[in-house]
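See below for the structure under consideration.
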Amino acid sequence: MIVDPSEFITFGDWFPAAAWSYAKIVLVLFSLGLAICYAFAVVRHGPTEAIYIISRAVTGFFSRDGVRISLRRVFALAQLAVKESLRRRVLVVFGVFVLVMLFAGWMLDVENDHPARLYLGFVLTMSNYLVLALAMFLSAFSLPNDIKDRTIYTIVTKPVRPLEMFWGRVLGFVTVGTLLLMVMGLVSGVFVYRGLHHSHQVEATSAQLDPATNLNQHSGETSRDSHHRHDFFVDEDTTAQGKTLGTTNPIVREHRHPVTLQEDGSMEIGGPQGSLQARVPIYGTLIFRNREGQEEDVGLNVGKEWTYRSYIEGNTLGAAVWTFSNISPDNFPDGLMLEMDIRVFRTSKGQIEEQIPGEIILRNPSPTTNADPARRQCMPIPFRATEFAVSEVFVELDELKFQDNSGQLKKLDLFDDLVDENGQLEVWIRCRQRAQFFGMAQADVYLKATPNSFWINFGKCYLGLWMQMVLVVLFGVFFSTFLTGIVALKATLATIVLGMFSGFLADIQTGEITGGGPLESLYRITTQQEADDQGADDVYMRVMIWASDLLPNYPEFNTVRKVAYGYDINRHILMRHAMITFGYFLVLSVMGYFVLRTREFAA
Amino acid sequence: MDTPKTVDLEQQDSSSHVSGQEEAPEPTSDGKGEVIIETRSLTKVYRDFWGRSKVRAVKALDMQVRRGEIFGLLGPNGSGKSTTIKLLLGLLFPTSGKALVFDKEATDVSKNERIGYLPEESYLYKFLNAEETLDFYGRLFNISAAERRSRTKQLIDLIGMDWAKRRQLKEYSKGMTRRIGLAQALINDPELILLDEPTTGLDPIGTREMKELIIKLRDQGKTILMCSHLLADVQDVCDRIAILHQGELKELGRVDDLLTVQDVTQIQARGLNAEAEEEIRKVIERHQGEVVSMENPTSTLEDLFHEVVGETGSSSPDSTDKEDD
C-alpha cells in the first residue's frame, strides 16, 4: 500500500513546525484583512474615523462579542438547524444510501481476489461522498435562505452574537452529519460482515503418516462457497487448547480458515480469518546500497515514471536496509513478524510462475567495540517475493544463527547480539536472482506489532470522514455569511476540488508534471503546438497554488484505503487531522464573525 | 388652525381613546422622562455595488423617545419609517449621524436584551409551532427552561392562541401569525418594544385588541415605538408622533397638541327638541359665536362592526381567524 511520507512523522515532531506555519499564515491573513477593511473605511469615513471603526471592531471581539458567548443560544440555534435539516428531507440521503446498499450485492464483483478491499472501499467511499454532499447543501443554503426569507431579522434583533450564529449553524449541521454517519457506519459494518462471512465444508481429505512422529498429517480441499475454495493441512502434531489445529493454505482472497480435527476424525472448517484486520506496522528508516555495496539515499530507477519505489539488483551487493527502533523483549516477546510488499522487476521472463528468491539479514547497526564481529549479523533468512500481495516472514527468536570463525553454526540472541544499545536493529533485504530487481519504498517493509481491533479501526476511519465533513460544513457556513446559496455551494465545492488537487498543482508548478494553466492549454489546443512562453500562466498558477495551500488537503483525511488494505490508523494521524480541523475552525469562526458583524441584514 | 366651531352634544376626549371603549387613562409621558431612543442627525443612504448613492432614505433625523410613552412614526410608503426602525435595531448601519438605544449604539447587540421587535411581516420559522417558536426565542434571551414554559403559556393565553399552539406556523392565517409575532416580541418582557405596522393584516377586532394591548403595555411602564401608515390606529394609541416624508422629519409633537382644533368647541347632548336647539343657537350668536353645524352625529363603521360581531368574536375557535385572510 502506498504510504505518504508524512505518515512517518509523529504528532510531537509535526506539531511545532505546523503551529509555527499556522501562526505565520494567520498573522498574514489578519494583517491583510485589517488593511483591506481599513482601506474601505478610509474611503467611506476618512482616515481618523476609519482607525476608530477598525479598532472598535477588533476590540469588540475580544471584550464583548467573543467572550460573552452563551451556550444556550448556540444550542438553540443548533437545534433550529437540525429541525430545518429534517424539514429539508435530509433523510432522503439515508434512503439513497440504504437503496444502494440493498442492490450493491448484485453489482460488486464476486470473483474479486480482494473482497475485503472491495466491500470496505465501496461502503466507506459511498458514506464519504453522500455525507459530504449533504454537508455542502445544508451548510451553503441555510443562512442565505434565512436572509432571503428575512427570518434572520427575528434572530439578529435578539441578543445573539455573530459568533453564536456561526457556531450554532455549524453545530447543527455537524450533528445531522454525525447522526447520519453513525447510522451509515452501523449499516456498512453489517453489510461488510455479512458480505465477507461465509463457511466451507470439507469436500475431500486424505491422511499421511509421518514416520518421525507417528502421527497423521491430513490434507484436503473445502467445498466451493462464495465463489472460492481452499486447500487445507492439519498436522496431528500441532495442538492448541487441547485441540488439533490446522489451517487452510495458501491465503485465498485475503483470508484463511482454521481447521479443527474432531475426536471422531472429522474436520471442522472455522470462519474466515485475516480478511478484516488492522495491522499495526512499525516502520523504519530506509537507505539503499548499490551493487558495489555503497550507501545511497535512493536505489536504482528501472525506467518507471512513478518513482515511489527504488530498486535493487539481484545477486549483487545491492540491498535495501531498514533501521527499526524500540526493538525490545517487551515489544517482541515471541519474535519478529516481518511483512513485505515487494515489487519485482524482471529483465528476463524466467519461470513466470515462480516467485523470485530473496534473503533477509538481521544486523546490529552499531555494535560495541569489544563485540564479536561474527555475531554482528545472522545467517540469511530465505524468502520468496510475492508480487502484489503482502508476504509474511516470522523470525523466531531461537532460529537465529551465525557462522563462527571455524564455520560452525551457532545460535544468536536477537536482543543481546543484534539490537544495539539504542534499541535499533537493521534489516537487510537482497534479491538472490541475477538480472532481476526488487522494488521497495519505506513503507513496503515493516515489523508487525499486535494487530488492533478491525472494528475500532473501522470506527477511526469514520472519524476521519467526520472531520472531513466538519471542514466542509465550516467552509459552507462561512461562505454563506456573505454569498448567496448557490454561489456559496460552488465556493465550497471549489475548496474541496482545490484541496484534492493541491499536490497536482504543485507538481505542475515545479515542473514535476508537464502542463500549464488555462492560457497555455488554450494555445496548445488551438495551435497543436507547445507554447514558447511557458510562463504565460505563471501568475495564475501561483495564485492557484497559494489558494490550494491555504485550503485543507481533503485526501489526507480519507483513510479509506488504509482500512480497506487492513492497516491500522495510528493515533498520530488522527491527532494531526484533529488539530488541522481545529485550526480551520478557529480561523473560519473569526472570519465568519467579522463578516456577520459588518453585514447589514436588511440592506 | 382656524376652523368653524361644531356642536356635538356628547362629551368626547379625542386625544387618547380607542373607539367604542371607555375613556383611557392619560398618558404617563409628559416629555420629561428618561430618553430611551435618541437619533442625532441620523442619515441613511442606500448605495449600489459601486458605492454610488441611490436612495436617501433618512435625512438628518433628530428625535427622542422617552420612557413610558407610545411614540408613533407616521408617513406614506417610502418615507423612511421602516428604515428608521431598522437603523435602531442594527439591521442597517447609519451612513452618518448616530442612533442610540438605552444610551448604546444601535449596533450594540447587548441592547437587544431589553427590546422586543415585531417586524412588518411576521418573519418566523414556518416549520415550528407556536410553543416551539416562543421557546426558541426565549432561549435566545438565555431564559431558563422553567421560566420559558411559564412565559410561553402566559403569552399564548394573552394572544388567545391556546387552541392552535401545537400547529405549525405554516398552517396559520396572517392574523394568527401576527399574534405569534407579537408574542415573540414580548417573550423577554422588554422595556422597549418596536412595532412595525402592528395592525397590518388584522381584522377590526384583532386591531382593537392590538391597540388595547399596546396601551396596556404602556401602562405597565414600557416604551413603545410603532410605525404605521394607518392614521386612525396611530391617533388612537400614540402619545407623541413624528411624521416623516421622503426621509425628512416634518412634524413632531404630542398627538393632542397637534390635532386639537383650538378655536372650535364641540358639545354633544341628548334629548333636545327643536326649541332647545334654537335657543342654544341664539345663545351662541349672542356671544358672537358662529354655529358651524348642529346635527345628529354619526357613529363609526368600527363601532358598528363591534356591535354586530360582538366582544367574543375574536377569540373563539370558530372565528374567521382560522381561514385565510
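The listed protein sequences correspond, in order, to chains A and B.
For the first sequence, the positions run 1 to 603 when our numbering is used.
For the second sequence, the positions run 1001 to 1325 when our numbering is used.
Here a beta-carbon is modelled for each residue, glycine too, at the ideal position from N, C-alpha and C.
Collapsed DSSP secondary structure at A:N128 in the structure displayed:
Within the first sequence, numbered from 1, the residue matching residue 128 of chain A stands at position 128. Correct three-state label for A:N128: helix.
For A:Y119, count neighbouring C-beta atoms within 10 Å of its own C-beta (all shown protein chains included) and say buried if the count is 16 or more, exposed if not.
On the first sequence, position 119 is the one that residue 119 of chain A refers to. The residue in question, A:Y119, is buried, as its Cβ has 16 or more Cβ neighbours within 10 Å.
Work out the CA separation of A:D210 and A:A320 for me, nearest whole Å.
Counting from 1 along the first sequence, the entry for residue 320 of chain A is found at position 320. Counting from 1 along the first sequence, the entry for residue 210 of chain A is found at position 210. Each residue's Cα considered, the two are about 40 angstroms apart.
Give a yes or no on whether 8 angstroms exceeds the smallest Cβ distance from A:P159 to chain B.
Counting from 1 along the first sequence, the entry for residue 159 of chain A is found at position 159. With 8 angstroms as the cut-off, A:P159 counts as an interface residue toward chain B.
Rounded to whole angstroms, what's the CA-CA distance from A:L86 to A:L586? Just pull it up for me.
Residue numbering aside, residue 86 of chain A sits at position 86 when the first sequence is read from its first letter. Residue numbering aside, residue 586 of chain A sits at position 586 when the first sequence is read from its first letter. Approximately 28 angstroms between the Cα atoms of the pair.
Anyone know if the C-beta pair for B:D1157 and B:R1148 falls short of 8 angstroms?
On the second sequence, position 157 is the one that residue 1157 of chain B refers to. On the second sequence, position 148 is the one that residue 1148 of chain B refers to. Against a cut-off of 8 angstroms, the Cβ pair of B:R1148 and B:D1157 comes out as no contact.
Sub-8 angstroms separation of A:L181 and A:Y462 beta-carbons:
For the purposes of this step, residue 181 of chain A is identified with residue 181 of the first sequence, where counting begins at 1. For the purposes of this step, residue 462 of chain A is identified with residue 462 of the first sequence, where counting begins at 1. A contact, by the Cβ cut-off of 8 angstroms.
Given that A:E84 touches chain B, what residues does it touch there, using C-beta distances under 9 angstroms?
Position 84 of the first sequence, counting from 1, holds the residue named residue 84 of chain A. Here the neighbours are Y1125, F1127.
Touching by the beta-carbon criterion (3+ pairs, under 8 angstroms), the stretch 468-478 of chain A and the stretch 313-333 of chain A
no
Cross-chain neighbours of A:E600 in chain B, by beta carbon under 8 angstroms:
Start at 1 with the first residue of the first sequence, and residue 600 of chain A comes out as number 600. Going along chain B in sequence order, the residues near A:E600 (Cβ under 8 angstroms) are L1091, L1092, F1093.
Which residues of chain A have a Cβ atom closer than 8 angstroms to the Cβ of B:R1167, listed in chain order?
Locating residue 1167 of chain B in the second sequence gives position 167, counting from the first residue. Within chain A, no residue comes near B:R1167; the closest Cβ sits about 15 angstroms away, beyond 8 angstroms.
Since A:S219 and A:S206 should fall inside the 8 angstroms C-beta cutoff, what is the C-beta to C-beta distance between them, to a whole number of angstroms?
Locating residue 219 of chain A in the first sequence gives position 219, counting from the first residue. Locating residue 206 of chain A in the first sequence gives position 206, counting from the first residue. Their Cβ separation, rounded to whole angstroms, is 6 angstroms, which keeps A:S219 and A:S206 in contact under 8 angstroms.
Taking DSSP as the reference, what is the three-state secondary structure of A:G246?
As a first step, residue 246 of chain A must be located in the first sequence, where it is residue number 246. Reduced to three states, the DSSP call for A:G246 is strand.
Segment limits, beta strand (DSSP E) that includes A:T604
Only positions 1 to 603 of chain A appear in the structure, and residue 604 of chain A is not among them; the question remains open.
Which value, in whole angstroms, describes the spacing of the CA atoms of A:P365 and A:R571?
In the first sequence, counting from the first residue as 1, residue 365 of chain A sits at position 365. In the first sequence, counting from the first residue as 1, residue 571 of chain A sits at position 571. Distance between the alpha carbons of A:P365 and A:R571: 29 angstroms.
Determine, using beta-carbon pairs with one atom in the stretch 182-191 of chain A and one in the stretch 1123-1139 of chain B, whether at least three such pairs fall under 8 angstroms.
no
Roughly how many angstroms separate the alpha carbons of A:A35 and A:M165, rounded to a whole number?
Your numbering for residue 35 of chain A matches position 35 in the first sequence. Your numbering for residue 165 of chain A matches position 165 in the first sequence. Cα-Cα distance, rounded: 26 angstroms.
My assumption, with CB atoms under 8 angstroms, is that B:L1061 sits in contact with B:L1042. Please give the rounded CB distance.
Stepping through the second sequence from its first residue, residue 1061 of chain B is reached at position 61. Stepping through the second sequence from its first residue, residue 1042 of chain B is reached at position 42. Their Cβ separation, rounded to whole angstroms, is 4 angstroms, which keeps B:L1061 and B:L1042 in contact under 8 angstroms.
Which chain A residues are close to B:K1086, counting only those with a beta carbon under 7 angstroms from its beta carbon?
Reading the second sequence from its first residue, position 86 is the one you call residue 1086 of chain B. Within chain A, the residues near B:K1086 are A602.
Consider the Cβ of A:Y52: report whether some Cβ of chain B lies at a distance smaller than 8 angstroms.
Start at 1 with the first residue of the first sequence, and residue 52 of chain A comes out as number 52. A:Y52 does not count as touching chain B.
Do we get a CB-CB distance below 8 angstroms when we pair A:A76 with the residues of chain B?
On the first sequence, position 76 is the one that residue 76 of chain A refers to. Chain B, which has a Cβ nearer than 8 angstroms to the Cβ of A:A76, makes this yes.
Would you verify that the beta carbon of A:V156 is, or is not, closer than 8 angstroms to some beta carbon of chain B?
Numbered from its first residue, the first sequence carries residue 156 of chain A at position 156. By this cut-off, A:V156 is an interface position.
Cutoff 6 angstroms; reference A:L551; Cβ partners in own chain excluding five residues on either side
For the purposes of this step, residue 551 of chain A is identified with residue 551 of the first sequence, where counting begins at 1. Result list for A:L551: T495, L498, G499, in chain order.
Which residues DSSP lists as bridging B:R1056, in chain order
Taking the first residue of the second sequence as 1, we reach residue 1056 of chain B at position 56. B:V1045, per the DSSP bridge assignment.
Shortest alpha-carbon distance to B:P1198 belongs to which of B:E1191, B:E1209, B:F1102?
Locating residue 1198 of chain B in the second sequence gives position 198, where the first residue counts as 1. That would be B:E1209, whose Cα lies nearest to the Cα of B:P1198.
Which of the three DSSP states, helix, strand or coil, is assigned to A:W14?
Working through the first sequence from its first residue, we reach residue 14 of chain A at position 14. Helix, per DSSP.
Beta-carbon within less than 8 angstroms of A:Q277's beta-carbon, same chain only, minus the 5 sequence neighbours each way: which residues are those?
Indexing the first sequence from 1 puts residue 277 of chain A at position 277. If we look at A:Q277 and ignore the five residues flanking it on each side, its Cβ neighbours are P451, F454, G566.
Please determine, among A:Y311, A:H257, A:G464, the residue with the shortest C-alpha to C-alpha distance to A:H197.
By 1-based counting over the first sequence, the position of residue 197 of chain A is 197. Nearest of A:Y311, A:H257, A:G464 to A:H197, Cα basis: A:H257.
Limits of the alpha helix (DSSP H) - the one that B:R1240 falls within:
Stepping through the second sequence from its first residue, residue 1240 of chain B is reached at position 240. Premise fails: B:R1240 lies in the beta strand (DSSP E), 1240-1245, not in any alpha helix (DSSP H).
Assigned exposure category for B:A1183 - 16 Cβ within 10 Å defines buried
Your numbering for residue 1183 of chain B matches position 183 in the second sequence. Label assigned to B:A1183: buried.
Hey, how far is the Cα of A:N326 from the Cα of A:G271?
Numbered from its first residue, the first sequence carries residue 326 of chain A at position 326. Numbered from its first residue, the first sequence carries residue 271 of chain A at position 271. Those two C-alpha atoms are separated by around 35 angstroms.
Around the C-beta of B:D1236, are 16 or more other C-beta atoms found within 10 angstroms, so that it is buried, or is it exposed?
Sequence index remark: in the second sequence, residue 1236 of chain B carries index 236 (1-based). The residue in question, B:D1236, is buried, as its Cβ has 16 or more Cβ neighbours within 10 Å.
Just verifying my parser: in three-state terms, what is the DSSP assignment at A:K460?
Residue 460 of chain A sits at position 460 when you count from the first residue of the first sequence. DSSP places A:K460 in helix when its eight states are reduced to three.
If we ignore side chains and look at the alpha-carbon of each, how far apart do B:A989 and B:T1084 end up?
Summary: the structure shown does not reach residue 989 of chain B, with chain B confined to residues 1001 through 1325, and so no result is reported for it.
What whole-angstrom Cβ distance do A:L163 and A:D65 have, given they're in contact under 8 angstroms?
By one-based count along the first sequence, residue 163 of chain A stands at place 163. By one-based count along the first sequence, residue 65 of chain A stands at place 65. Confirmed, about 6 angstroms.
Once the 5 residues before and after A:V419 are set aside, which same chain residues still bring their CB inside 6 angstroms of it?
Taking the first sequence and counting its residues from 1, the one referred to as residue 419 of chain A is at position 419. Excluding residues within five positions, the ones whose Cβ falls inside 6 angstroms are I327, L425.
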